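Residue numbers (the working numbering), protein chains in the order written: chain A, 1 to 291; chain B, 292 to 571. Think of the CB as a built atom: it goes at the ideal place given N, C-alpha and C, for glycine as much as any other residue. Please read all numbers here as calculations on a predicted model, not as lab measurements. Beneath this line is the structure, given in structure tokens, with notes to follow.
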Amino acid sequence: MADNYIDLPLHNLPGSRIFGFLVGALIYAAVTLLSIAAISDTIVRYFESQPALLTVALPPALPTPEALAQTDKIVDLLRDVEGVVFVSALEPQRTRRLIDPLVGGSDIGLAVPRLLDIGFSAGNKLELAAIKDQLLELTPGLALGDTVMPGGEILPLASSSRMLSLIGGGASLVLTFIATGLAIGIAMARHADSVGLLRQMGATDGYIARQFEHYALVQGLKGAAFGFALGAATMATGLLIFGATTTQTITTFGLQPLDWVFLALIPALVGLLIVPVARLVAHWQLRSLEA
Amino acid sequence: MLQPKSEITIEQRSVSLVPAGNAGSTTIGARELTFQDAPIARLRDVTLRYGLRRPALQGVDLRIEAGSFQFLVGPSGAGKTSLLRLLSLSHRPNQGRVDLFGVDAAHASASERRTIRQRIGVVYQGFRLLDHISAFDNVALPLRILGVEEVATRTRVAEIMAWLGLADLIEKFPEDISTGERQLVAVARAVITRPQLILADEPTSSVDDARADRLMSLFEHLNRSGVTVVLATHSRRLMAGRNYPLVEIAKGRLLAVQPPARLIPPLAMSGSATRLALAG
Numbered sequence: 001m002a003d004n005y006i007d008l009p010l011h012n013l014p015g016s017r018i019f020g021f022l023v024g025a026l027i028y029a030a031v032t033l034l035s036i037a038a039i040s041d042t043i044v045r046y047f048e049s050q051p052a053l054l055t056v057a058l059p060p061a062l063p064t065p066e067a068l069a070q071t072d073k074i075v076d077l078l079r080d081v082e083g084v085v086f087v088s089a090l091e092p093q094r095t096r097r098l099i100d101p102l103v104g105g106s107d108i109g110l111a112v113p114r115l116l117d118i119g120f121s122a123g124n125k126l127e128l129a130a131i132k133d134q135l136l137e138l139t140p141g142l143a144l145g146d147t148v149m150p151g152g153e154i155l156p157l158a159s160s161s162r163m164l165s166l167i168g169g170g171a172s173l174v175l176t177f178i179a180t181g182l183a184i185g186i187a188m189a190r191h192a193d194s195v196g197l198l199r200q201m202g203a204t205d206g207y208i209a210r211q212f213e214h215y216a217l218v219q220g221l222k223g224a225a226f227g228f229a230l231g232a233a234t235m236a237t238g239l240l241i242f243g244a245t246t247t248q249t250i251t252t253f254g255l256q257p258l259d260w261v262f263l264a265l266i267p268a269l270v271g272l273l274i275v276p277v278a279r280l281v282a283h284w285q286l287r288s289l290e291a
Numbered sequence: 292m293l294q295p296k297s298e299i300t301i302e303q304r305s306v307s308l309v310p311a312g313n314a315g316s317t318t319i320g321a322r323e324l325t326f327q328d329a330p331i332a333r334l335r336d337v338t339l340r341y342g343l344r345r346p347a348l349q350g351v352d353l354r355i356e357a358g359s360f361q362f363l364v365g366p367s368g369a370g371k372t373s374l375l376r377l378l379s380l381s382h383r384p385n386q387g388r389v390d391l392f393g394v395d396a397a398h399a400s401a402s403e404r405r406t407i408r409q410r411i412g413v414v415y416q417g418f419r420l421l422d423h424i425s426a427f428d429n430v431a432l433p434l435r436i437l438g439v440e441e442v443a444t445r446t447r448v449a450e451i452m453a454w455l456g457l458a459d460l461i462e463k464f465p466e467d468i469s470t471g472e473r474q475l476v477a478v479a480r481a482v483i484t485r486p487q488l489i490l491a492d493e494p495t496s497s498v499d500d501a502r503a504d505r506l507m508s509l510f511e512h513l514n515r516s517g518v519t520v521v522l523a524t525h526s527r528r529l530m531a532g533r534n535y536p537l538v539e540i541a542k543g544r545l546l547a548v549q550p551p552a553r554l555i556p557p558l559a560m561s562g563s564a565t566r567l568a569l570a571g
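What follows is the structure in structure tokens.
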């Protein structure tokens, strides 16, 4: 067979370009959604790498050597707890500055609470009740504050966004291949007479299928390249605008070079898989036609 | 079993289709066709029906010898096109048996059907040209399907188109040329592979007398070199003065085959194959 020769230039027919535009739209959706997934993932990873904060308040005491020794003992005990990243005792002067507005700024020699900041990895669940019991044995009257998770409300939002956009991007890619199958099926139905003629001349199913594979590849690659370019431009513009209009250092959470590489692989992936999909559908359809 | 097409195409590719002595022509060597002893086509008690309508063909018995030239005649709707469809493997009979090149077409494998089809050139009544490719590419189509090299394809297509007076239409698309020219393109496409059997359905219906004569001379030339030709026509002018068998058909039934094909006895035997050639 004369390889690579196309007798049915299907892409020249009116209406045939719709398939290319459809692929372009789906790839655009895939690129933007997967970009959002990548950004969300960066945000999630960033905050998950940051420690959660817990404040422990020891009963108020004047800075006597005994009180300081007691504080050191508790600090040492907390540092030994698994998952704890750091423990730091706030300077009494700083604590005083925090409570001064509450007591009217009068330095009357009041004992101030001894505050400890405990940092632990966000992914590590501390057994707070057990820790509290242990600490209470050493220092009755000790209180644990609320746990402050890194990123606040952003973390669950980013986590959901990552999952949803990943599903959406993957679905767009799957839809691209489903659309390819449908387009080949429709093209073969529209060109049934031409297919019959080629068969009448003794063409093999492989030869006929190749015409449709070529059509799918040309239109698919054009659409995928267009969709990628538009998606990449959208994301780049969006990141620039967001970076310019917010105080947040958006570049920290923007697309990394490796993300761009992966996104650029999408059109290549489409080109790689669209041919076997088209071949499969064409052969399946040809088998259903009487030889 | 059929011989693979590749065994006969080697010789075919070196032979020009265009009769000697014409513009752009090259010499035509005597083409030896080796067939099995069976006729090229044999129909036994064949019935063909489209859906629930009355049979387009009924109880047809026909034997087409290799190397013969037959006119298929009859009024419109008689069943000529249906008969050609059976002979070109476009349809399967509802009843009876069609043997082509010694193979029962109904039970032939996909590969055998493909090989048979590669040996048949069909001129369709409606031409069936692909509208979105040029006249040149339409003619080249069968060669490209057979895998003939592109250089040889271009040479052969240019040659046949020039001979048929289509040299100026090479770049044109079917919708940009006249009906008669489209018919010539369809004929060129049917004969370009130098098939063993040519089935032509009213191949001169849309061309003037001069071109009709030229087409007939092409068919006759191919026939003299061993190609079997079945030509459906209404044209008495075309049949006049030509002593070829008439296969007459009416209302789906074969009325007569007359006069019989005049075949000379085999010239030589080669294994089980017989060489056939037309007298005169």
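Where residue i sits in the DSSP three-state scheme
i: Q50(A); result: coil
i: Q285(A); result: helix
i: G412(B); result: strand
i: S35(A); result: helix
i: D395(B); result: strand
i: G315(B); result: Because the pLDDT at G315(B) is just 31, under 50, the model does not fix this residue reliably, and the value given afterwards should be weighed accordingly. Here G315(B) sits in coil by DSSP.
i: T147(A); result: strand
i: Q487(B); result: coil
i: L457(B); result: coil
i: D76(A); result: helix
i: F228(A); result: helix
i: A203(A); result: coil
i: F177(A); result: helix
i: P156(A); result: helix
i: P113(A); result: strand
Test item: CB-CB of residue i and residue j under 9 angstroms
i: R528(B); j: G202(A); result: no
i: Q219(A); j: G83(A); result: no
i: V364(B); j: A531(B); result: no
i: L250(B); j: R480(B); result: The structure shown does not extend to residue 250(B), since chain B is modelled only from 292 to 571, so the question has no answer here.
i: R378(B); j: L348(B); result: Correcting the residue identity first, residue 378(B) is Leu in this sequence and not Arg. No. Outside cutoff.
i: G181(A); j: A278(A); result: yes
i: I36(A); j: V87(A); result: no
i: S172(A); j: A52(A); result: no
i: V476(B); j: M452(B); result: yes
i: L22(A); j: I266(A); result: no
i: T147(A); j: L54(A); result: yes
i: F212(A); j: A192(A); result: no
i: H398(B); j: F464(B); result: no
i: I18(A); j: F177(A); result: no
Within chain A, partners of residue i - CB distance below 7 angstroms
i: V413(B); result: Q200
i: L374(B); result: Correct list: empty, because the minimum Cβ distance to chain A is about 16 angstroms.
i: R405(B); result: G202 and T204
i: P433(B); result: M201
Contact belief for residue i with residue j at Cβ below 8 angstroms, rounded distance in angstroms
i: E493(B); j: Q416(B); result: 5 angstroms
i: L263(A); j: F228(A); result: 7 angstroms
i: F360(B); j: V482(B); result: At roughly 14 angstroms, the Cβ-Cβ gap does not stay under 8 angstroms, so F360(B) and V482(B) are not in contact.
i: V414(B); j: A332(B); result: Wrong, their Cβ atoms sit about 17 angstroms apart, outside the cutoff.
i: L115(A); j: A25(A); result: 56 angstroms between Cβ atoms; not a contact.
i: L434(B); j: T444(B); result: 4 angstroms
i: G223(A); j: I27(A); result: 6 angstroms
i: L374(B); j: D352(B); result: Going by Cβ atoms, the distance from L374(B) to D352(B) rounds to 12 angstroms, so no, they are not a contact pair.
i: R162(A); j: S288(A); result: The pair is not a contact, with the Cβ atoms about 42 angstroms apart (cut-off 8 angstroms).
i: L457(B); j: A426(B); result: 7 angstroms
Residue from the options with nearest C-alpha to residue i
i: P150(A); options: A57(A), A244(A), K222(A) and I43(A); result: I43(A)
i: G206(A); options: R383(B), L380(B) and G438(B); result: G438(B)
i: S381(B); options: L221(A), L198(A) and I274(A); result: L198(A)
i: F47(A); options: I74(A), K73(A) and F120(A); result: F120(A)
i: L208(A); options: I74(A), L286(A) and A61(A); result: It is Ile, not Leu, that sits at residue 208(A) in the sequence shown. For I208(A), the nearest C-alpha among the options comes from L286(A).
i: P384(B); options: W454(B), D336(B) and L513(B); result: D336(B)
i: D428(B); options: T338(B), V448(B) and R419(B); result: V448(B)
i: D395(B); options: T470(B), R502(B) and P330(B); result: P330(B)
Listed by chain order, chain B residues near residue i by CB distance under 7 angstroms
i: A203(A); result: I436
i: Y207(A); result: I436
i: S288(A); result: Per Cβ cutoff of 7 angstroms: no residues; S288(A) is ~13 angstroms from chain B at best.
Proximal residues of chain A, C-beta to C-beta of residue i below 8 angstroms
i: Q409(B); result: M201 and G202
i: S379(B); result: Q200
i: R419(B); result: D193 and L197
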